[in-house]
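First up is the structure itself, then whatever we jot down about it.
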Amino acid sequence: MLPYQNLHQAEAALGRELTVAEKLWFNYSANKPDYLLHYHNILFLVLVYSTAPLPYMFIELSRSKKIEKHKIQSKVKNSFQDMLKCYKDVMRTFIVVVGPFQLFSYPLIKLTGIRTGLPLPSGGEMFWQLIVYFLIEDYTSYWVHRLLHSNWGYEKIHHLHHEYSAPMGFAAPYAHWSEILILGVPAFLGPALVPGHITNYWLWFVLRQMEAIEIHSGYDLSWSPTKFIPFYGGAEYHDYHHYVGRRSQSNFASVFTYCDYLYGTDKGYRSHKSIILRKMEETLGEEWPPS
Numbered sequence: 001m002l003p004y005q006n007l008h009q010a011e012a013a014l015g016r017e018l019t020v021a022e023k024l025w026f027n028y029s030a031n032k033p034d035y036l037l038h039y040h041n042i043l044f045l046v047l048v049y050s051t052a053p054l055p056y057m058f059i060e061l062s063r064s065k066k067i068e069k070h071k072i073q074s075k076v077k078n079s080f081q082d083m084l085k086c087y088k089d090v091m092r093t094f095i096v097v098v099g100p101f102q103l104f105s106y107p108l109i110k111l112t113g114i115r116t117g118l119p120l121p122s123g124g125e126m127f128w129q130l131i132v133y134f135l136i137e138d139y140t141s142y143w144v145h146r147l148l149h150s151n152w153g154y155e156k157i158h159h160l161h162h163e164y165s166a167p168m169g170f171a172a173p174y175a176h177w178s179e180i181l182i183l184g185v186p187a188f189l190g191p192a193l194v195p196g197h198i199t200n201y202w203l204w205f206v207l208r209q210m211e212a213i214e215i216h217s218g219y220d221l222s223w224s225p226t227k228f229i230p231f232y233g234g235a236e237y238h239d240y241h242h243y244v245g246r247r248s249q250s251n252f253a254s255v256f257t258y259c260d261y262l263y264g265t266d267k268g269y270r271s272h273k274s275i276i277l278r279k280m281e282e283t284l285g286e287e288w289p290p291s
């Protein structure tokens with residue numbers, strides 16, 4: 001809750017006029033306690049999960065020949081009933097596990113120093129914090145993911161996520177309840193180590209969830225803006241991990257590819273790609289791609 005009675009007090013405290021964004025934030029958050037602002041995360045989680053996979057769902061159900069060429073595992077067709085069942089299963093986990101966890105995690109949020117007041121962070125501050133959050137989460141979740149592919153981790157926990165050998169957007173958070181909580185630690189580690197404003201905290205979890213939905217979409221869309229992000233894995237990269245399944249010791253990274261490259265866990269993927277390229281060259285009778 002902001003310690004100001006009105007906009008004039010806030011501007012006097014800051015020594016300047018509030019920006020448009022800060023005025024909107026003041027009007028929205030002035031009378032809301034901090035714990036209520038923290039609980040917004042579960043609302044964003046449900047909203048993003050319920051909407052972000054919809055374009056991929058419509059693409060899948062349309063069976064458009066123009067789009068079908070972008071489907072990674074073209075022989076697998078997910079029905080509306082498959083998607084609805086997955087959605088219900090994940091929502092049940094959100095309500096039974098993630099929601100209560102959000103309620104009880106507020107003291108930890110306060111302890112880290114994530115702030116809710118004024119001023120709002122600048123665009124540059126938000127950008128660099130998000131970069132740090134992605135790098136920290138990517139590195140730590142890489143090792144957690146590798147542990148989940150140990151015999152015990154896979155049999156007891158991670159096998160559920162691999163029920164979808166050809167993943168779809170709604171299956172991004174489809175996992176054992178304990179895996180969702182375990183992978184929440186790398187996601188929270190960045191904001192805990194480099195605390196910022198709660199609006200950036202919200203934005204981080206929204207972007208991370210959207211990224212997870214994209215790489216599980218089953219479609220490698222050539223026009224995706226993520227194609228311009230250096231070292232970004234993407235849907236085709238992560239799809240291989242699901243395609244191989246339990247035997248997979250490749251492509252553990254959640255966002256970028258550098259960890260798999262540095263620790264040699266992309267060898268299977270690179271070998272798979274080279275075989276595909278050779279087959280293309282043999283089929284076309286020329287070097288692929290053509291010069």
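Numbering (the UniProt record's numbering) for the sequence shown: 1 to 291.
A virtual CB, placed ideally from N, CA and C, is assigned to each residue, including glycine.
Keep in mind that this is a model prediction, so the values were computed, not measured.
Does the segment 164-175 touch the segment 130-137, meaning 3 or more C-beta pairs lie closer than 8 Å? no
Measuring CB atoms only, is the segment 2-21 touching the segment 38-49, in the sense that at least three cross pairs come out at less than 8 Å? no
Output needed for K71: all residues of its chain with C-beta closer than 7 Å, excluding positions within five of it in sequence on either side, in chain order. G218, Y219
Drop a sphere of 10 angstroms on the beta-carbon of R208, count the other beta-carbons inside from all chains shown, and report buried for 16 or more, exposed for fewer. buried
Thinking residue 298 and L45 are a contact (beta carbons under 8 Å), I'd like their distance in whole angstroms, please. With the chain covering 1 to 291 only, the question about residue 298 has no answer from this structure.
Just the C-alpha distance for H158 and L183, rounded to the nearest angstrom, thanks. 11 Å
Span of the alpha helix (DSSP H), counted from its first residue to its last, around M83: 80-93
Status (buried if at least 16 other CB within 10 Å, exposed otherwise) for P290: Caution applies to P290, whose pLDDT of 43 falls short of 50 and renders its modelled position unreliable; the model cannot decide the point.
What do you get for P3, buried or exposed, if any count of 16 or more other CB atoms within 10 angstroms of its CB means buried? exposed
With a Cβ-Cβ cutoff of 8 Å, do S254 and S141 count as a contact? yes
Short of 7 Å in beta carbon distance, which residues of its chain neighbour F101, apart from the five on each side in sequence? Order them along the chain. L181
Might you give, ordered along the chain, the residues of its own chain that have their beta carbon closer than 6 Å to the beta carbon of M168, omitting 5 neighbours on each side? N78, G218
Counting Cβ pairs closer than 8 Å, one from the segment 83-95 and one from the segment 192-202, do we hit at least three? no
Let me check understanding here. Comparing Cα to Cα, which of N31, I215, I229, G99 lies closest to H238? I215
Complete alpha helix (DSSP H) runs within the segment 162-232 (minimum length 4 residues, chain order): 177-193, 198-215
Considering only their Cβ atoms, is the gap separating F256 from G233 smaller than 8 Å? yes
For E179, count the other beta carbons within 10 Å of its own beta carbon; 16 or more makes it buried, fewer makes it exposed. Which is it? buried
For F101, name the three-state secondary structure that DSSP assigns. helix
Limits of the unbroken alpha helix (DSSP H) element including F58: 54-62
Would you kindly check if the distance between the Cβ of G153 and the Cβ of L160 is under 8 Å? no
Cα-Cα separation between K75 and F252, rounded to whole angstroms: 24 Å
For I114, count neighbouring C-beta atoms within 10 Å of its own C-beta (all shown protein chains included) and say buried if the count is 16 or more, exposed if not. buried
From this set, Y263, K267, P33, V185, which residue's C-alpha is nearest K110's C-alpha? P33
State yes or no: is the C-beta of S165 within less than 8 Å of the C-beta of Y269? no
Go ahead and label S274 buried or exposed: buried means 16 or more other beta carbons lie within 10 angstroms of its beta carbon, across all protein chains shown. exposed
How big is the Cα-Cα spacing for K156 and E211? 26 Å
Can Y87 and C259 be called in contact, C-beta distance under 8 Å? no
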